[in-house]
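Engineer: Throughout the sequence shown, residue numbering follows full-length UniProt numbering, covering 1 to 577 in sequence. Think of the CB as a built atom: it goes at the ideal place given N, C-alpha and C, for glycine as much as any other residue. As the structure is a prediction and not an experimental result, all values here were calculated from the model.
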Amino acid sequence: MSRYPKCSLRTALWGLKTTTCIIEKRGALGGTLNFINVGCIPSNSKKFRYACCYAVAMNGCRGKLEAPVEMCETRTLPAVTTPEMAVSQLNSAILGLKADPPRFGSGIIRLEVPILQQIEAISWLHAQHQLPRCFFSGRDQSNSSDLFNASNGECKSRPSPNLLNVAGLGSAVFFQKFHPFSLHDWRCIRRFLSKDCPLIRAYGAMRFDARTDISSEWEGFGSFYFVVPQVEFDELEGSSMLATTIAWDDSLLMSWGKAVEGLLATLRQISFFVKLQKEVPRTVVLSKNHVPTKASWELAVMKALRMINSKDSGLVKVVLARSSSIVTDTDIDPIALLACLQAEGQNAFQFCIQPPGAPAFIGNTPEQLFHRNHLNVSSDALAGTRARGRSHVLDLQREHDLLTSPKDDLEFKIVRESIRRKLELICDHVIIDPKKTIRKFSRVQHLYAKLSGRLRSEEDEFDILSSLHPTPAVGGLPTEDARLFIAETEMFDRGMFAGPVGWFGGRETEFAVGIRSALVGKGLGTLIYAGAGIVEGTNPSSEWEELELKASQFIKLIDHDTPFSYRQEIKSMGMMK
């Protein structure tokens, strides 16, 4: 298989795409949409919910320019009481802009309408059926240092009240290639961002290893995929906001007029909604398979241990992963599944990235790769795993076991010290506080340290991303030795699993690590990914049970008939609540 898929009409037209397409009726998954959908009209056919007319999208990576666009502006309109009123007000404002276009060949304008009630962004997104779409939620909504809430005192004009969740629809501009993410690609994204417009952001993800072959299920993502949504619903503390973004660039063959017409077409398709019931409809599991199987897993772990213990190898740690395929009698709605994960996702980042013509990549990850606010940067070191206890006493016992385990301490120190060394290359001073503690989540607990430093220049942001990923928590150490071992040993394509997932902004940027994640799509089923770190002293069977624990947050929502013996086995290993 080539790293670059065979060229098809869909993959050949990454820049300007103009075609007709159809979304199938099983709407929440977006059907078999093969092109970016910005111009849908209701269909009279009973078979199809939407028929898509001409679609236009702009790939910002196709340009050669790296200078900022000529105009970047945010306009806030008067507050309203309902989303319906917000749509009406945005329509009027866009028509006003259409009648009086800006005199620039490139630019980006965000129009936003505050809504005087707090509405769940994920409920809004669930009601929409256009692609692409995205969703991001902060890890700890009460912690102002996480995903959407900057704690840096230099950022005095950050949004208030705090931004909790963001749902995006359509593409004002997207960024995608089938080559590893480069400095030029980063600069192409930065062209459309500005410190003066902090909520204009590019949301997306990157492959774990962009040098490996891309399998068919991941083809729609490319090596990386980022998007500035056309329509965005922001959930804040006590209120909400509906926003639209217009991006144009004559050098990329996206005129102002095309951009406005595309946005109006998307806005016409916005659906109104009711609060989403956070449950996955009951399904029948038709098949469930693991790649690798348990026997193959144990062979791979023993192979890794032989290399780790060999005097001729420099390998210290490698993270091996598993892909679990679950096929059900009816399609799983990825947004409904994500809503269930969000319900138990305290202290975790929830995300969804779904490019046009692709399945949805969703996750509930506990691990921050980095957060940059102006020159301040921070990163998490996370390693070692125990299940939460069913009682307070049992929970403390497992916490103590994790804190005193030599194997887990070694794995944790490898991760923490690697991140420290990498930050010291681009920061004037690095602080580790706490140096080692426990971070608890709803189903698991990990060893944790927080590292922070101060960049010498904001231009070092690309260096942060390229040097920190992959951390030893998802790859291994040394990085290249572990990468090669994974590429040669694993029997499936990780895709964006364990890769950076997050957003770039003009004022700040944040990425999480795309673990505790799944790929969900029509005709694909649900592919659930989990990994475990292999170091000296690793027991292959124990690491398999760790995989079961990490995947269980998805499996318990999909497979309602999981045998009691399976659950009991995990309990007996100390790997389940």
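Quick one: which unbroken beta strand (DSSP E) runs of 3-plus residues sit fully inside the segment 205 to 286? Chain order, please.
Structural biologist: Within the segment 205 to 286, the complete beta strand (DSSP E) runs of at least 3 residues are 224 to 228, 231 to 236, 240 to 249.
Engineer: Which residue wins for smallest C-alpha separation from alanine 172, given the options Phe104, Gln277, Met58?
Structural biologist: The option with the nearest alpha carbon to alanine 172 is Met58.
Engineer: Starting from the N-terminal side, write out each stretch of the alpha helix (DSSP H) that is 4 residues or longer and does not extend beyond the segment 452 to 482.
Structural biologist: For the segment 452 to 482, whole alpha helix (DSSP H) runs of length 4 or above, ordered along the chain, are 461 to 468.
Engineer: Do the CB positions of histidine 374 and arginine 507 come within less than 8 Å of each other?
Structural biologist: Yes, the Cβ-Cβ distance between histidine 374 and arginine 507 is below 8 Å.
Engineer: Is it the case that the Cβ atoms of arginine 322 and valine 291 are separated by a distance below 8 Å?
Structural biologist: Yes.
Engineer: Give, in chain order, every unbroken run of the beta strand (DSSP E) that is at least 3 residues long and sits entirely within the segment 103 to 133.
Structural biologist: Counting only runs of 3 or more, we get 106 to 115.
Engineer: For isoleucine 432, report the span of its beta strand (DSSP E) as first-last.
Structural biologist: That run of the beta strand (DSSP E) goes 427 to 432.
Engineer: Does any CB atom of chain B fall closer than 8 Å to the CB of isoleucine 122?
Structural biologist: No chain B is part of this structure, which consists of one protein chain only.
Engineer: Between Leu111, Glu298, Leu116, Glu480, which lies nearest to arginine 75 when the distance is taken from Cα to Cα?
Structural biologist: Comparing Cα-Cα distances from arginine 75 to each of Leu111, Glu298, Leu116, Glu480, the minimum goes to Leu111.
Engineer: Take every Cβ of the segment 321 to 339, pair it with every Cβ of the segment 492 to 506, and state whether three or more of those distances are shorter than 8 Å.
Structural biologist: The segment 321 to 339, when compared against the segment 492 to 506, does touch it at the 8 Å Cβ threshold.
Engineer: Per DSSP, what kind of secondary structure is residue 591 in: helix, strand or coil?
Structural biologist: Residue 591 lies beyond the stretch modelled for the chain, which goes from 1 to 577, so this question has no answer here.
Engineer: Got a sec? Which residues, its chain only, sit under 7 Å from glutamate 461 by beta carbon, not counting five neighbours each side?
Structural biologist: Arg372, Thr509.
Engineer: Given this structure, state the Cα-to-Cα distance separating leucine 299 from serine 240, to the nearest angstrom.
Structural biologist: If you take the alpha carbons of leucine 299 and serine 240, they lie about 52 Å apart.
Engineer: Measuring CA to CA, which of Lys317, Leu402, Leu484 is closest to valine 535?
Structural biologist: Ranking Lys317, Leu402, Leu484 by Cα distance to valine 535 puts Lys317 first.
Engineer: Looking only at its chain, what residues have a beta carbon closer than 6 Å to the beta carbon of tyrosine 225, apart from the 5 residues adjacent to it on each side?
Structural biologist: Correct list, in chain order: Gln176, Gly204, Pro355.
Engineer: Using only alpha-carbon positions, find the residue among Leu524, Gly220, Phe554, Asp209 that is nearest to threonine 479.
Structural biologist: The option with the nearest alpha carbon to threonine 479 is Asp209.
Engineer: For cysteine 340, which three-state DSSP category applies?
Structural biologist: Reduced to three states, the DSSP call for cysteine 340 is helix.
Engineer: Please report how far the alpha carbon of glycine 499 lies from the alpha carbon of glutamate 367, in whole angstroms.
Structural biologist: Cα to Cα, glycine 499 sits roughly 11 Å from glutamate 367.
Engineer: With a floor of 3 residues, list each beta strand (DSSP E) that falls wholly inside the segment 72 to 101, ordered by position along the chain.
Structural biologist: Qualifying beta strand (DSSP E) stretches, in chain order: 72 to 76.
Engineer: Per the contact definition of three or more C-beta pairs closer than 8 Å, is the segment 243 to 263 in contact with the segment 100 to 110?
Structural biologist: With the cut-off at 8 Å, the segment 100 to 110 and the segment 243 to 263 touch.
Engineer: Going by DSSP, what residues sit across from tryptophan 503 in a beta bridge?
Structural biologist: Looking at the DSSP assignment, tryptophan 503 forms a beta bridge with Tyr203, Glu510.
Engineer: Could you give the uninterrupted runs of the beta strand (DSSP E) lying entirely in the segment 161 to 206, keeping only those of 3 residues or more?
Structural biologist: Complete beta strand (DSSP E) runs here, min 3: 163 to 169, 173 to 177, 201 to 206.
Engineer: Closer than 7 Å by C-beta to leucine 477: which residues in its own chain qualify, once you throw out the five before and the five after it? Chain order, please.
Structural biologist: Cβ neighbours of leucine 477 beyond the five flanking positions: Val316, Lys317, Ile414, Ser418.
Engineer: I'd like to check one pair, alanine 121 with tryptophan 503: are the Cβ atoms closer than 8 Å?
Structural biologist: Against a cut-off of 8 Å, the Cβ pair of alanine 121 and tryptophan 503 comes out as no contact.
Engineer: Among the residues of its own chain, which have a CB less than 7 Å from the CB of serine 313, if the five just before and after it don't count?
Structural biologist: Taken in chain order, the residues that qualify are Met307.
Engineer: Straight-line CA distance for glycine 531 to glutamate 543?
Structural biologist: Approximately 9 Å, taken between the alpha carbons.
Engineer: Among the residues of its own chain, which have a CB less than 8 Å from the CB of lysine 303, if the five just before and after it don't count?
Structural biologist: Once the five neighbours on either side are set aside, the close Cβ partners of lysine 303 are Thr489.
Engineer: List the residues that DSSP assigns as beta-bridge partners of aspartate 333.
Structural biologist: Answer is none; aspartate 333 lacks a bridge partner.
Engineer: Any idea which residues DSSP pairs phenylalanine 485 with across the strands?
Structural biologist: According to DSSP, which records beta bridges pairwise, phenylalanine 485 is partnered with nothing at all.
Engineer: Within the continuous beta strand (DSSP E) that includes methionine 368, where are the two ends?
Structural biologist: Inspection of the sequence shows that residue 368 is occupied by glutamine rather than by methionine. Unbroken beta strand (DSSP E) run through glutamine 368: 368 to 373.
Engineer: Of the residues Ser194, Phe178, Gln128, Phe174, which one's Cα is nearest the Cα of alanine 167?
Structural biologist: Closest option to alanine 167, Cα to Cα, is Gln128.
Engineer: In three-state DSSP terms, what is lysine 288?
Structural biologist: Strand, per DSSP.
Engineer: Which residues in the same chain as asparagine 91 place their Cβ atom closer than 7 Å to its Cβ, once the five residues preceding and following it in sequence are excluded?
Structural biologist: Contacts found: Leu267.
Engineer: Whole-angstrom Cβ separation of leucine 286 and alanine 336, contact assumed at under 8 Å?
Structural biologist: Actually they are not in contact, since the Cβ atoms of leucine 286 and alanine 336 sit about 19 Å apart, beyond 8 Å.
Engineer: Just the C-alpha distance for leucine 402 and aspartate 408, rounded to the nearest angstrom, thanks.
Structural biologist: Each residue's Cα considered, the two are about 7 Å apart.
Engineer: Quick check on the DSSP output: the alpha helix (DSSP H) that includes valine 301 runs from which residue to which?
Structural biologist: Note, valine 301: alpha helix (DSSP H), 294 to 309.
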